[in-house]
Amino acid sequence: MNDNGDTINDLFGKEDSIELEQQIWGKNPRRSQALKSLWFDLMSQSINEDDQPEDAKRELLFLMTANNVMDMIMESVPDDLALEITYCFDSMIGMSMVNKRFEVDLVDANFEVLKKLKREDYGTDEEFEAAIRDVDHRWWTVGKQLLGGRSPNDAISEELGKFGLNK
Numbered sequence: 000m001n002d003n004g005d006t007i008n009d010l011f012g013k014e015d016s017i018e019l020e021q022q023i024w025g026k027n028p029r030r031s032q033a034l035k036s037l038w039f040d041l042m043s044q045s046i047n048e049d050d051q052p053e054d055a056k057r058e059l060l061f062l063m064t065a066n067n068v069m070d071m072i073m074e075s076v077p078d079d080l081a082l083e084i085t086y087c088f089d090s091m092i093g094m095s096m097v098n099k100r101f102e103v104d105l106v107d108a109n110f111e112v113l114k115k116l117k118r119e120d121y122g123t124d125e126e127f128e129a130a131i132r133d134v135d136h137r138w139w140t141v142g143k144q145l146l147g148g149r150s151p152n153d154a155i156s157e158e159l160g161k162f163g164l165n166k
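When you number the sequence shown by numbering that gives the first Met the number 0, it's gap-free, plus one each residue, and the end is 166.
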């Protein structure tokens, strides 16, 4: 869904949206296998040569894999797009950390509030869209009991700050 509430079906049509979904999400298991064939043996060899406890080896293997995937993604797009991706990716990491810490789903909680707005309560599409933007903005910036009084944006920033990602 985009900022206007359009789904992939709305934007591209059902047939094209199926192809997009397959390209974006459906190929990930095959991409994982391809990355395994690219890195696993070399990483495993490097890890096995290290004289560390098994837990430390598994953690290092995970960190190496995650770092290599992020490097590959950033190198595959122009710098300006890579910069935008980093902001989006960091925000998603922060939101996921908040969801885990507070056992919530911020996107679902936000959607529950937004879906209470009804088009028929507004005179024009523009008024309805403005109301959606206003409610959405307030939802992300006002403290919530489910987050211990923090706003979602503040909670995300706090989580990202633990890793120096909020600067």
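Every residue gets a Cβ at the ideal spot worked out from N, C-alpha and C, and that includes glycine. All of these numbers come straight from a predicted model, not from anything done at the bench.
As assigned by DSSP and simplified to three states, the class of Ser241: Residue 241 is absent from the model: the chain starts at 0 and stops at 166.
Check whether the Cβ atoms of Ile155 and Gly93 sit closer than 8 Å, and answer yes or no. Yes. Within cutoff.
Starting from Pro28, trace the alpha helix (DSSP H) in both directions and tell me its first and last residue. From DSSP, the alpha helix (DSSP H) with Pro28 extends over 27–34.
Using DSSP with H/G/I as helix, E/B as strand and the rest coil, what is Gln51? The three-state reading of DSSP puts Gln51 in coil, since its state is none of H, G, I, E or B.
Rounding to the nearest angstrom, what Cα-Cα distance links Asp54 and Asp78 in this structure? Each residue's CA atom was taken as its position, placing Asp54 and Asp78 some 36 Å apart.
Contact check, Val112 vs Val141 under 8 Å by CB: the rounded distance? The C-beta distance from Val112 to Val141 rounds to 11 Å, too long to fall under 8 Å, and the pair is not in contact.
Quick one: what does DSSP say Leu116 is sitting in, helix, strand or coil? Coil at Leu116, not helix or strand.
Host alpha helix (DSSP H) of Ile131 (start-end): For Ile131, the enclosing alpha helix (DSSP H) stretches over residues 124–140.
Use the C-beta contact count for Val97: other C-beta atoms within 10 angstroms, 16 or more gives buried, fewer gives exposed. Taking all protein chains shown into account, Val97 has 16 or more neighbouring C-beta atoms within 10 Å of its C-beta and is therefore buried.
When you compare only the Cα positions, how much space is there between Asp124 and Arg137? Their backbone Cα atoms lie some 20 Å apart in a straight line.
How would you call Glu83, buried or exposed, if buried means at least 16 neighbouring beta carbons within 10 angstroms? Around the beta carbon of Glu83, fewer than 16 other beta carbons sit within 10 angstroms, so the residue counts as exposed.
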